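Chemist: My questions will all concern the structure given below.
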Amino acid sequence: MIIAEGLAKSFASPGGGRRAAPVHAVRDVSFEAADGHVTGLLGANGAGKSTTLRMLATLIRPDAGYACIDGHDVVDDVLDARRQLGYMPHEAGIYPRLSARENVHYYARLSGLSGRDAGHRTGELVEQLDMVGFADRRAAGFSQGQKTKVALARALVHAPRTLMLDEPTNGLDVMATRGLREILRTLAARGHCVLFSSHVMQEVAVLCDRIAIIADGRIAISDTLPGLLERTDRHDLEDAFVVALGHDVEPRPAGTNATP
Amino acid sequence: MNLRAVMIIAFKEIVDNLRDRQTVFYALLFGPILLPLMLGGSLAATFKQLSIDFDRVTELAVHGAERAPSLIAFLAGQNVDAVPAPGDPEQTVRRGEVPIVMQIDERYGEALRTARPAVITIHLDEADKGSVKAARRIEALLNAWERTNDQLRLQHRGLDPTVFDSLDIVSNDVSTEGASGQLLASLLPFLLIVSMVMGGFYLAIDTTAGERERHSLEPLLGLPLARQEIVLGKFGATLAFVSLSGLLCAVSVWALFRLFPADLLGTRLRFDAPTVAGALLLALPLMPFIASLLITVSAWTRSTKQAQTYLGLLMVLPMAPFFVLQYLDPGDSLWLMPWPMLGQYLLLERSVLDLPLSVTAVIASIAGTLIASALLLWLACRLYRQERILS
Chain A
2 MIIAEGLAKS FASPGGGRRA APVHAVRDVS FEAADGHVTG LLGANGAGKS
52 TTLRMLATLI RPDAGYACID GHDVVDDVLD ARRQLGYMPH EAGIYPRLSA
102 RENVHYYARL SGLSGRDAGH RTGELVEQLD MVGFADRRAA GFSQGQKTKV
152 ALARALVHAP RTLMLDEPTN GLDVMATRGL REILRTLAAR GHCVLFSSHV
202 MQEVAVLCDR IAIIADGRIA ISDTLPGLLE RTDRHDLEDA FVVALGHDVE
252 PRPAGTNATP
Chain B
252 MNLRAVMIIA FKEIVDNLRD RQTVFYALLF GPILLPLMLG GSLAATFKQL
302 SIDFDRVTEL AVHGAERAPS LIAFLAGQNV DAVPAPGDPE QTVRRGEVPI
352 VMQIDERYGE ALRTARPAVI TIHLDEADKG SVKAARRIEA LLNAWERTND
402 QLRLQHRGLD PTVFDSLDIV SNDVSTEGAS GQLLASLLPF LLIVSMVMGG
452 FYLAIDTTAG ERERHSLEPL LGLPLARQEI VLGKFGATLA FVSLSGLLCA
502 VSVWALFRLF PADLLGTRLR FDAPTVAGAL LLALPLMPFI ASLLITVSAW
552 TRSTKQAQTY LGLLMVLPMA PFFVLQYLDP GDSLWLMPWP MLGQYLLLER
602 SVLDLPLSVT AVIASIAGTL IASALLLWLA CRLYRQERIL S
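Line by line, the protein sequences give chains A and B.
Our numbering numbers the first residue of the first sequence as 2 and each following residue consecutively.
Our numbering numbers the first residue of the second sequence as 252 and each following residue consecutively.
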């Protein structure tokens, strides 16, 4: 369960001096991601998705606002918040000289599992995520899909209640994307809270139970897909997204190009 | 502090980097073996070339040996066997057929009998080190022969030979080993320090700046670990490589100096096992210092390339005392001791020269270096707590 209320974060302007105006990456982000659901954080590039997720992952401190993971404050109760959370950043960031199994095992050990439990849990994830074929190969030559699987296994290794993924389908082919979708659905069905960010409408529409649209560092609207369509009086997510952002949409006859 | 996590990180970084050829080359081969061989080997070769072994039996090409039978007998007594010079002395030396030729003048015997200077010509090739060395040996022997002859001539005429020695110049070198000894003595700290720095160089960069560049830092920082545990883990791995490099370097320096002729090293210059082991002990505090310096500087940089540039510049640091101390004689100044590297340079030099070490100096050196290491580690932890580490 993730709760965010009024999160804000600004950075010093890159390359600018001390007097340069700060960049407001996130201005006002409030939303909830419930257990047993897949929640999508939908926004264009630069809208503030990654900064929001990094604040929730306790990697950067919010300038204002409050957020908690399963009741643990991301500022005051950092270590407990991290224990509840599996976080998969934008880049897989796996170690190329370690095998897939070693990569996952390392995180298992760091999450507090004993050597034996870590080996067991790693083996389980290798099976679950269909990594058997490449589990013992060094990661240097892995495809994007293989890297994502390793990163996902790593995020799941301590069996966190909450899983957060930053644009996980980037660079994945169709089959790998479908595979990942399946995994996330299964996790949600088991009662996990899954939050994932994306700028791909179709993907969010297909997978997410709830969608929070973020633009210019603010949550413009947050609801279920049918709720979004109803509130914006549109038939597909793309149009709803544009309306939510306050832009006009070209008129289009109802019933065409509707999102499934 | 979760020590278990620190150990897990350190172990992973060691295993990971042992799979990297570049890191292994610099940690296990370059500093510990290639560098001592290159420096020590070339020094040993130079010394060998300059030194003359008077006990070694050599042949000397002599032109006109039959004119000076007693001189030839004297030379034979000094391990120099005369052989007939092949052909024209000048040409044979120029062509390099023999290193030198000693030519005895036709009127040599007559000159000796009439108590006039007898001419002996040494043909040598100044451009050839072997020839110069051979000539130096023969000249030294001829000088000895001449002195004996002079004394005999004077005594023959009832004169005390010392009448001609109006000055007796005594040169009293109070340094223990002279300039070359000093240079050789500073070789040990130089090699040890450079080797330790090179040993941890690539691992430190890989585990900090490299981790940022590979984007593997972000998920790592998201784990339920305190930042200082992560820093200490990386420090531990770097320390292991630095220590291993230092240890291997000490072993190879010890092995290398066993090949040096004993008389070259002088009576007090010591490179035996206890001295090298003692030097390694004195250099021990440098290991955490170098490891924390490498970690902190590369954590501060934004990319591996930048880290390599900054640390490359920093490589001048271990060499600085080596060059400064060649010109400066700081004596026993206690205030130099707490400075990391400089203190160890002075202490190691003294131990190689077999000079007594003051306990205060040793304590000052250890304390200064350890305090500097702790400060650097604290700085690295601070860097890892900043959000800038992710950008």
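For every residue, glycine included, the Cβ atom is placed at its ideal position computed from N, Cα and C.
All of these numbers come straight from a predicted model, not from anything done at the bench.
In whole angstroms, what is the alpha-carbon distance linking Ala221/A and Ala177/A?
Modeler: Within the first sequence, the letter at position 220 stands for residue 221/A. Within the first sequence, the letter at position 176 stands for residue 177/A. If you take the alpha carbons of Ala221/A and Ala177/A, they lie about 31 Å apart.
Chemist: Expressed to the nearest angstrom, what Euclidean distance is found between the alpha-carbon atoms of Glu428/B and Leu439/B?
Modeler: Counting from 1 along the second sequence, the entry for residue 428/B is found at position 177. Counting from 1 along the second sequence, the entry for residue 439/B is found at position 188. For Glu428/B, the predicted structure reports a pLDDT of 48, less than 50, and the residue's modelled location is therefore unreliable. The matter cannot be settled from this model.
Chemist: For the region 129-137 of chain A against the region 93-104 of chain A, do three or more pairs of beta-carbon atoms, one drawn from each stretch, fall closer than 8 Å, so that the two count as touching?
Modeler: Cβ pair count under 8 Å is three or more, so yes.
Chemist: Output needed in chain order: residues of the region 262-282 of chain B with a Cβ under 7 Å from some Cβ in chain A.
Modeler: From the region 262-282 of chain B, only Lys263, Asp267, Arg270 and Asp271 have a Cβ closer than 7 Å to chain A.
Chemist: Interface residues of chain B around Leu54/A at Cβ under 7 Å?
Modeler: For the purposes of this step, residue 54/A is taken as residue 53 along the first sequence, with counting starting at 1. Going along chain B, no residue has its Cβ under 7 Å from Leu54/A, so there is no contact; the nearest lies around 10 Å.
Chemist: Any idea what DSSP makes of Ala141/A, helix, strand or coil?
Modeler: Locating residue 141/A in the first sequence gives position 140, where the first residue counts as 1. The answer is helix: DSSP assigns Ala141/A an H, G or I state.
Chemist: Compute the distance between the beta-carbons of Ile184/A and Leu226/A, then report whether it is under 8 Å.
Modeler: Mapped onto the first sequence, residue 184/A falls at position 183. Mapped onto the first sequence, residue 226/A falls at position 225. No, the Cβ-Cβ distance between Ile184/A and Leu226/A is not below 8 Å.
Chemist: With burial defined as no fewer than 16 other Cβ atoms inside 10 Å of the residue's Cβ, what is the status of Phe574/B: buried or exposed?
Modeler: Along the second sequence, read from residue 1 onward, the residue named residue 574/B stands at position 323. Burial call: exposed.
Chemist: For Leu634/B, which of Ser543/B, Trp396/B and Asp605/B has the nearest alpha-carbon?
Modeler: Here the question's residue 634/B lines up with position 383 in the second sequence. The candidate whose alpha carbon is nearest that of Leu634/B is Ser543/B.
Chemist: Who are the neighbours of Ile61/A on chain B, taking C-beta pairs under 8 Å?
Modeler: Counted from its first residue, the first sequence places residue 61/A at position 60. The answer, in chain order, is Glu638 and Leu641.
Chemist: Starting from the N-terminal side, write out each stretch of the beta strand (DSSP E) that is 3 residues or longer and does not extend beyond the region 104-190 of chain A.
Modeler: The qualifying runs are 163-167.
Chemist: Would you grab the beta carbon distance between Met252/B and Glu480/B for me? Rounded to a whole angstrom, and I think it's under 8 Å.
Modeler: Counted from its first residue, the second sequence places residue 252/B at position 1. Counted from its first residue, the second sequence places residue 480/B at position 229. That pair is a contact at about 7 Å.
Chemist: From Leu153/A to Pro572/B, what distance separates their C-alpha atoms?
Modeler: On the first sequence, position 152 is the one that residue 153/A refers to. On the second sequence, position 321 is the one that residue 572/B refers to. The straight-line gap from Cα to Cα measures roughly 51 Å.
Chemist: Mapping DSSP to helix, strand and coil, what is Ile95/A?
Modeler: The residue given as residue 95/A occupies position 94 in the first sequence. In this structure, Ile95/A counts as coil in the three-state DSSP scheme.
Chemist: Give the C-beta separation of Ala278/B and Phe540/B to the nearest angstrom, bearing in mind that I take them to be a contact with Cβ-Cβ under 8 Å.
Modeler: As a working note, residue 278/B is residue 27 in the second sequence. As a working note, residue 540/B is residue 289 in the second sequence. Not really, about 17 Å apart at Cβ, beyond 8 Å.
Chemist: Use the C-beta contact count for Pro357/B: other C-beta atoms within 10 angstroms, 16 or more gives buried, fewer gives exposed.
Modeler: The residue labelled residue 357/B in the question sits at position 106 within the second sequence. According to the sequence provided, residue 357/B is Glu. The question's Pro does not apply to it. Exposed, because fewer than 16 other Cβ atoms sit within 10 Å of the Cβ of Glu357/B.
Chemist: Considering only C-alpha positions, which residue in the set Leu86/A, Ala241/A and Val207/A is nearest to Ser223/A?
Modeler: Here residue 223/A refers to the residue found at position 222 of the first sequence. Of the candidates Leu86/A, Ala241/A and Val207/A, the one whose C-alpha sits nearest the C-alpha of Ser223/A is Ala241/A.
Chemist: Mind checking the region 620-639 of chain B against chain A and listing, in chain order, the residues whose C-beta falls within less than 7 Å of any C-beta there?
Modeler: If the cut-off is 7 Å between Cβ atoms, the region 620-639 of chain B has Glu638 near chain A.
Chemist: By DSSP, does Gly41/A sit in helix, in strand, or in coil?
Modeler: The residue labelled residue 41/A in the question sits at position 40 within the first sequence. Correct three-state label for Gly41/A: strand.
Chemist: Could you work out which residues of chain A lie near Leu472/B, taking near to mean beta carbons separated by less than 8 Å?
Modeler: Taking the second sequence and counting its residues from 1, the one referred to as residue 472/B is at position 221. Those are Leu60, listed as they occur along chain A.
Chemist: Quick check: the region 335-345 of chain B against the region 400-410 of chain B, are at least 3 beta-carbon pairs closer than 8 Å?
Modeler: Contact between the region 400-410 of chain B and the region 335-345 of chain B is absent, because fewer than three Cβ pairs lie under 8 Å.
Chemist: As an exercise, report each continuous alpha helix (DSSP H) stretch of at least 4 residues that is fully enclosed by the region 189-251 of chain A, in chain order.
Modeler: With a minimum length of 4 residues, the continuous alpha helix (DSSP H) runs that stay inside the region 189-251 of chain A are 202-208, 226-233 and 238-245.
Chemist: Going along chain B, which residues have a C-beta under 8 Å from Ser100/A?
Modeler: Indexing the first sequence from 1 puts residue 100/A at position 99. Residues of chain B passing the Cβ test: none, with the nearest at roughly 10 Å.
Chemist: Given that Gly142/A touches chain B, what residues does it touch there, using C-beta distances under 9 Å?
Modeler: Sequence index remark: in the first sequence, residue 142/A carries index 141 (1-based). Those within 9 Å of Gly142/A in chain B number zero; the least Cβ separation is about 14 Å.
Chemist: Would you say Glu348/B lies against chain A (beta-carbon separation less than 8 Å)?
Modeler: For the purposes of this step, residue 348/B is taken as residue 97 along the second sequence, with counting starting at 1. Not closer than 8 Å to any Cβ of chain A, the Cβ of Glu348/B fails to qualify, so no.
Chemist: Would Ala9/A and Asp29/A qualify as a contact pair, given that the criterion is a beta-carbon distance under 8 Å?
Modeler: Start at 1 with the first residue of the first sequence, and residue 9/A comes out as number 8. Start at 1 with the first residue of the first sequence, and residue 29/A comes out as number 28. Yes, these two residues count as a Cβ contact at 8 Å.
Chemist: Would you decide whether Lys263/B is buried or exposed? Buried here means 16 or more other CB atoms lie within 10 Å of its CB.
Modeler: Numbered from its first residue, the second sequence carries residue 263/B at position 12. Flag for Lys263/B reads buried.
Chemist: Taking a cut of 7 Å between CB atoms, which residues from the region 126-137 of chain A lie near chain B?
Modeler: Of all residues in the region 126-137 of chain A, none has a Cβ within less than 7 Å of some Cβ in chain B.
Chemist: Do Pro350/B and Ala327/B have their CB atoms nearer than 8 Å?
Modeler: Within the second sequence, numbered from 1, the residue matching residue 350/B stands at position 99. Within the second sequence, numbered from 1, the residue matching residue 327/B stands at position 76. In this structure, Ala327/B does not lie closer than 8 Å to Pro350/B by Cβ.
Chemist: Would a check of beta-carbon distances place Arg110/A closer than 8 Å to chain B?
Modeler: As a first step, residue 110/A must be located in the first sequence, where it is residue number 109. Judged by the 8 Å Cβ criterion, Arg110/A is in contact with chain B.
Chemist: Enumerate in chain order the residues of its own chain whose CB-to-CB distance from Met449/B is below 6 Å, with the five nearest sequence positions on each side excluded.
Modeler: Locating residue 449/B in the second sequence gives position 198, counting from the first residue. Excluding positions up to five away in sequence, the list reads Tyr277, Phe281 and Gly282.
Chemist: Under 7 Å between beta-carbons, which chain B residues line up against Ile95/A? List them in chain order, please.
Modeler: Within the first sequence, residue 95/A is the residue found at index 94, counting from 1. Here the neighbours are Ser467.
Chemist: Inspect the beta-carbon positions of Leu474/B and Tyr108/A and report whether they are closer than 8 Å.
Modeler: In the second sequence, residue 474/B corresponds to position 223, counting from 1. In the first sequence, residue 108/A corresponds to position 107, counting from 1. Result yes, Cβ atoms of Leu474/B and Tyr108/A sit closer than 8 Å.
Chemist: For Leu126/A and Val158/A, which I take to be in contact (beta-carbon distance under 8 Å), what is that distance rounded to the nearest angstrom?
Modeler: By 1-based counting over the first sequence, the position of residue 126/A is 125. By 1-based counting over the first sequence, the position of residue 158/A is 157. Indeed, because the Cβ distance is near 6 Å, the residues count as touching under 8 Å.
Chemist: Leaving out five residues on either side along the sequence, give the residues of the same chain with a beta carbon under 7 Å from the beta carbon of Leu598/B.
Modeler: Start at 1 with the first residue of the second sequence, and residue 598/B comes out as number 347. Hits under 7 Å: Leu533, Leu608, Ala612, Val613 and Ser616.
Chemist: Under the assumption that Glu92/A contacts His466/B (Cβ atoms under 8 Å), give the Cβ distance between them as a whole number of angstroms.
Modeler: Working through the first sequence from its first residue, we reach residue 92/A at position 91. Working through the second sequence from its first residue, we reach residue 466/B at position 215. Yes, they are in contact, since the Cβ atoms of Glu92/A and His466/B sit about 4 Å apart, within 8 Å.
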